[in-house]
Amino acid sequence: MGSLSCSIIHLVLILQLQTFFVFSQNIRNGSVPVGESLTASESQQISSSWRSPSGDFAFGFRKIQPNDGFTLSIWFDKISDKTIVWHAQAVNTTTGLVPNGSKVTLTADGGLVIADPRGQELWRALSGGSVSRGRFTDDGNFVLFRDGSEDSDEVLWSSFENPTDTLLPNQNIEVGRNLSSRRTETSFKKGRFSLRLEDDGNLQLHSLNAETASESDIYSQYYESNTNDPNNPGIQLVFNQSGEIYVLQRNNSRFVVKDRDPDFSIAAPFYISTGFLLSTIIPKEARRIVGGCLLGLCRDNMCSPDDALGNMACGYNNICSLGNNKRPKCECPERFVLKDPSNEYGDCLPDFEMQTCRPENQTANSDVNLYEFITLEKTNWPFGDYESYANYDEERCKASCLSDCLCAAVIFGTNRDLKCWKKKFPLSHGERSPRGDSDTFIKVRNRSIADVPVTGNRAKKLDWLIIACSVLLGTSAFVIFDTSCSYRKTKKSKNMMKNQARDIGRTTATTTANELNLRVFTYGELAEATRDFTEELGRGAFGIVYKGYLEVAGGSEVTVAVKKLDRLDLDNEKEFKNEVKVIGQIHHKNLVRLIGFCNEGQSQMIVYEFLPQGTLANFLFRRPRPSWEDRKNIAVAIARGILYLHEECSEQIIHCDIKPQNILLDEYYTPRISDFGLAKLLLMNQTYTLTNIRGTKGYVAPEWFRNSPITSKVDVYSYGVMLLEIVCCKKAVDLEDNVILINWAYDCFRQGRLEDLTEDDSEAMNDMETVERYVKIAIWCIQEEHGMRPNMRNVTQMLEGVIQVFDPPNPSPYSTFTWSDESLSSDPVSLV
C-alpha cells in the first residue's frame, strides 16, 4: 500500500482539469524566505513555481483554460494530469481566478498575499502576524512559521488547515472546518456541496444554496456520521498515511469512513460524481488510477434524482444527461438560456415572457393560440407536480396545460399508463435518458404571434421574479380575480329560507346541545344581551362579533362575545355546524371556550367567552412595541394551542385561518385561538382532505391554489407568517410601507441583517439569539413545499429550545407569480 502516499480525497463538482502546464523551479529543501514571489505570466514559456523537496508537489500559478485567468494552486507535479489539490480563492473576482500579471508574495505581516497587476490585493493567507519563512513539505502542505523557529511548531497558517476541495494523507479536518466543492470545471469559486465536521462532532455532507454557496445557507443534509453523542463526540476527521479515513471520537474510538484496505473498483481517471466524496489512489509507478466512492453515496447514473441525496446535478430548468465516463452533462432546453453563461450546471432562464395569472393578463391568457409547446423527447422532471391525470392521451394532456395559467409544462408518460403530470416553473431534476418513457412539453410564447424577449429591465425583473417573488401574494391576486368572476349566489325565496332554517335549527339545537352540554339561546335573549347588537368587537369573513352581557345565577353578569353569522347560505350552514361541533368538544387553555349558540329562523349565532385584551393584531401593531418577553410567551402558547388541535384531540382539527385577528388575549395576555368556522375535522387515520379554499390573504399556504391535498401543514404555514409578525411587529402585507414581510425577513436573515427586523426594540436586540431562532423557525414553517415544513410538535420543541434549529433554505426561491400594488390588500379571501 506504499502507493497510497499519493492518495487524495475529493469533494468536487468536476475533478479533471484539461490545462496547459509549465515546468517548475526548485526551492532549496522546500524552504521559502520572506520576500520571495511568483508571477502569473503567459509571456514566459516556463512559469516559475515552488516545489516540495521530493518534487512530488508544486506551488504556483496555473493557467485555467478556456478562461483568461490563473489560480494559485498546489498540484501533483509528477503525473500527467497535474491534479490540483489546493487553491486560493480570489474573493474579489467572479470566477475565483486572477488575471495575467498577478503576483503572490510571501510577506512578514500577511503571509502569502496575491495582488493584481495594479497592486490591488485579491487574497491573503493571514490578517496579521509575524512570518519568518514558509515551508513546502513533501506531503503537499504549505506552512507559514513564526519567528524563524520551525522546531517549536509555531505554525501561523497552513494549507492543510485551510482545505478547499481535496484532502491529502496526513491532512485532518478539525471541528468547524469543511471541504467545499468547486462551482464548475473552470470556476474556482465555492460550489454547491460541503463536507463539514460540525461543532457537535457530526460529520455531514450538505447541499448549499447555489446562489450564495454559504455554509449558513444549507438546502439539505444528505449524509451524517451520527458521531454527535454529547458524551463522546467526534473531535477530528483523520486521513492517515495508510489511507484510512475515520472520525476520531473523544474516547479515542473511531468511526471508519474508509478502511485502510478498501475494495475499490477500477474506474476511469477521476470518476465524476457531483456532490459526492470520492477517493482516488494514484500509484507513483503505475499508470492506472484506482478510485472509488466513499460514504456509499455514488450511483451509476448521476442524473437520476434520489430524494435521499437532496440536490440535483443541473440547475433549475436545466436538463441532465450522461456523457463520456458517466459524467453529467447539462443543457438548457430550446427557448432557454443559462443565467450564468460560465456555469453550464446552473439555472436556465426562458427567453420569453412567462405566462402569469395576474388579473390584467387573463383576457390575453384565455387565447390558447398565444402559446405553443416545445417537445423534449425521453425527458422527465420527476418532482414538483401540482396535478396529475390518468388515461389522458397526449393531446388532452397538452390541452389541459394550455388552458391553465399556472401550468409551465406537462410530462406525458409514453408507457401503457398514459399519465399526465402538470408542472410549474421552475422545473427541477431534469433528466434525459435513451431509455426514458416520458416526453416533456414546455409551454412557450408562440413566436409567430408575439415574442417578448427578455432584455434590459425585463431580464432584471424576470431574474428578481424567479429568485425572490412570493407565491403567496401572486396567487392571492389570482384568487381574488377568480372569486370575482366565478362567484354566483343563488337567491332563494324568503319563506323557503325561513322554513329551512327553522328545521335545521330544531335539529341542531336539540342534538348538539344534548351531546355537548351547551346552552341554547333564543334570538331575543342574545338581542337583549348585546343591546340590540350595538357594540361591535370585530368582523370576520362570515360575520360580526358583538359584545354582550348575560345574567347568571345570583343576578350577576358575565361578559360574552356573540358572533352573528350575517349570511345564510349552504356554506354558512356548514360553517355553523362546524363551529358548534368543533369548539364544543375541545378544552385547552390556549383555545377560546364555547358557551352556547342560537339557531332560530334565519339567525345563527355562537356565544364565546369574552377576552378583555382584544386581538393579537391590536396588541402587536401598535407603538410602542409590546414587551419582547410577552411576545415570546404568546408565540409559544399559540403553538401549543395549534399542536393540541392537530395531535391531541380525539379527531384532528385543521383551523385553516390562523392569523393575529383570530388570536384573542385574556386579562393576563394569555393567547387563545378563536374562530373555528374554517376548521375541518379529520379522522386520525386520514392524511388529507380536499375542500373549498379557505383563509385570509397573506396567511394562506400555496397548496390551497394547486388543487393539492390539504393537511395540517396549512396551519403551520400560517403560523410561520404570524411568528414573523410577532418578532417584527409588522403586518404580513404592509400597505403603507409596501413591504412583503416573508420576503423582507428572509432577505434580512440571508444577508445577516436580523437587527433590521427588531429596530428600536432594545429588549429584542439584547436577545438576538432567540430572535434568530424564531426567524429560522418561521422560515421553515413557510416553505413552499409543504413536506419541508415541520409539524407543530417540532415547531413547539424548537421554540422551547428542546431541539436544534438548522438554517433554513429560501422558502420560495422561484415563482411564476407576480404582484402589483392593486393586489396588496388585507381583506380576507374566502372562496366557495
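Letter by letter, the sequence shown follows residues -24 to -1, 1 to 808 in mature numbering (1 follows the signal peptide of the UniProt record, and there is no 0).
Beta carbons are placed, not taken as given, at the ideal position from N, Cα and C, and that holds for glycine.
* Asked: Around the C-beta of residue 656, are 16 or more other C-beta atoms found within 10 angstroms, so that it is buried, or is it exposed?
  -> Since pLDDT at residue 656 reaches only 47, below the 50 mark, its modelled position is unreliable, and no value is offered.
* In three-state terms, what does DSSP make of residue 331? -> Here residue 331 carries a coil assignment [DSSP, helix/strand/coil].
* Are the Cβ atoms of residue 8 and residue 159 separated by less than 8 Å? -> Contact: no.
* Please classify residue 707: does DSSP put it in a helix, a strand, or coil? => Per DSSP, reduced to three states, the secondary structure at residue 707 is coil, with no helix or strand assignment.
* Asked: Does the Cβ of residue 399 lie closer than 7 Å to at least one heavy atom of the ligand MN?
  -> Absent from the structure shown: the ligand MN. Ligands present: none.
* Alpha carbon to alpha carbon, what distance is there between residue 140 and residue 353? -> Each residue's alpha carbon lies about 39 Å from the other.
* To do: Compare the beta carbon distance of residue 692 and residue 767 with 8 Å and say whether it is the shorter of the two.
  => In this structure, residue 767 lies closer than 8 Å to residue 692 by Cβ.
* Cβ neighbours of residue 428 in the same chain (closer than 7 Å, five flanking residues each side left out) -> Per-residue confidence for residue 428 stands at a pLDDT of 42, beneath the threshold of 50, marking its modelled position as unreliable; no derived number is given.
* Write down every uninterrupted run of the beta strand (DSSP E) in the stretch 25 to 67 whose length is 3 residues or greater and which is fully enclosed by it, in chain order. => Runs of the beta strand (DSSP E) lying entirely within the stretch 25 to 67, each at least 3 residues long, are 25 to 27, 33 to 40, 45 to 52 and 60 to 63 in chain order.
* Asked: First and last residue of the beta strand (DSSP E) that includes residue 539?
  -> 533 to 541 is the span of the beta strand (DSSP E), which, as asked, contains residue 539.
* How would you label residue 602, buried or exposed, when you count the other beta carbons within 10 angstroms and need 16 or more for buried? -> So residue 602 counts as buried.
* Boundaries of the alpha helix (DSSP H) in which residue 619 is found, first to last residue -> Note, residue 619: alpha helix (DSSP H), 604 to 619.
* To do: Whole angstroms is fine: what's the gap from residue 504's alpha carbon to residue 600's?
  => Near 38 Å, if we compare the C-alpha coordinates of residue 600 and residue 504.
* Asked: In the structure shown, what three-state DSSP assignment does residue 168 receive?
  -> Here residue 168 carries a strand assignment [DSSP, helix/strand/coil].
* Whose C-beta lies closer than 8 Å to the C-beta of residue 510 among residues of the same chain, with five residues either side of it excluded? -> Contacts found: 522.
* Asked: Ends of the beta strand (DSSP E) at residue 224?
  -> Residue 224 -> beta strand (DSSP E) spans 221 to 225.
* To do: For the alpha helix (DSSP H) holding residue 646, just list the boundary residues, first then last.
  => Residue 646: not part of any alpha helix (DSSP H); DSSP gives it neither H nor E.
* residue 638 (DSSP reduced to helix, strand or coil) -> Correct three-state label for residue 638: helix.
* Express the C-alpha separation of residue 741 and residue 788 in angstroms, rounding to a whole number. => It is roughly 27 Å from the alpha-carbon of residue 788 to the alpha-carbon of residue 741.
* To do: Under 6 Å Cβ to Cβ from residue 784, same chain only, skipping five residues before and after it: list those, please.
  => Excluding positions up to five away in sequence, the list reads 752, 755 and 756.
* Asked: Pairing CB atoms from the stretch 402 to 412 with CB atoms from the stretch 369 to 380, are three or more of them under 8 Å?
  -> When Cβ pairs closer than 8 Å are counted between the two stretches, the stretch 402 to 412 is seen not to touch the stretch 369 to 380, the count staying below three.
* Tell whether a beta-carbon distance below 8 Å holds between residue 637 and residue 593. => Result yes, Cβ atoms of residue 637 and residue 593 sit closer than 8 Å.
* Asked: Under a three-way DSSP split, which group does residue 749 fall into?
  -> Taken through DSSP and simplified to helix, strand or coil, residue 749 comes out as helix.
* For residue 772, which three-state DSSP category applies? -> In this structure, residue 772 counts as helix in the three-state DSSP scheme.
* To do: Report the residue from 6, 203, 99 and 206 whose alpha carbon sits nearest the alpha carbon of residue 113.
  => When C-alpha distances from residue 113 are compared across 6, 203, 99 and 206, the shortest belongs to 6.
* Asked: Does DSSP put residue 788 in a helix, a strand or coil?
  -> Coil at residue 788, not helix or strand.
* 8 Å Cβ cutoff met for residue 291 and residue 323 -> Result yes, Cβ atoms of residue 291 and residue 323 sit closer than 8 Å.
* residue 356 vs residue 297 beta-carbon contact at 8 Å -> Not closer than 8 Å, so no.
* Asked: Name the DSSP beta bridge partners of residue 326, please?
  -> Under DSSP, the beta-bridge partners assigned to residue 326 are 312.
* Which residue comes first and which comes last in the alpha helix (DSSP H) that contains residue 375? -> Bounds of the alpha helix (DSSP H) holding residue 375 are 370 to 378.
* At a cut of 8 Å, does the stretch 172 to 179 reach the stretch 69 to 88 through at least three beta carbon pairs? -> No, because fewer than three Cβ pairs between the stretch 172 to 179 and the stretch 69 to 88 fall closer than 8 Å, the two stretches do not touch.
* To do: For the alpha helix (DSSP H) holding residue 407, just list the boundary residues, first then last.
  => Run containing residue 407: none in the alpha helix (DSSP H); it sits in the beta strand (DSSP E), 406 to 408.
* Kindly indicate which residue of 49, 417, 573 and 178 has the alpha-carbon position closest to the one of residue 541. => Nearest C-alpha to residue 541: 573.
* Asked: Does the Cβ of residue 262 have 16 or more other Cβ atoms within 10 Å, making it buried, or fewer, making it exposed?
  -> Caution applies to residue 262, whose pLDDT of 45 falls short of 50 and renders its modelled position unreliable; the value that the coordinates give is listed next. Flag for residue 262 reads exposed.
* Taking all protein chains shown into account, do 16 or more other C-beta atoms lie within 10 angstroms of the C-beta of residue 507, making it buried, or fewer, making it exposed? -> Within 10 angstroms of the beta-carbon of residue 507 lie fewer than 16 other beta-carbons, which makes it exposed.
* Asked: Which one of 759, 37 and 724 has the shortest CA to CA distance from residue 747?
  -> Ranking 759, 37 and 724 by Cα distance to residue 747 puts 724 first.
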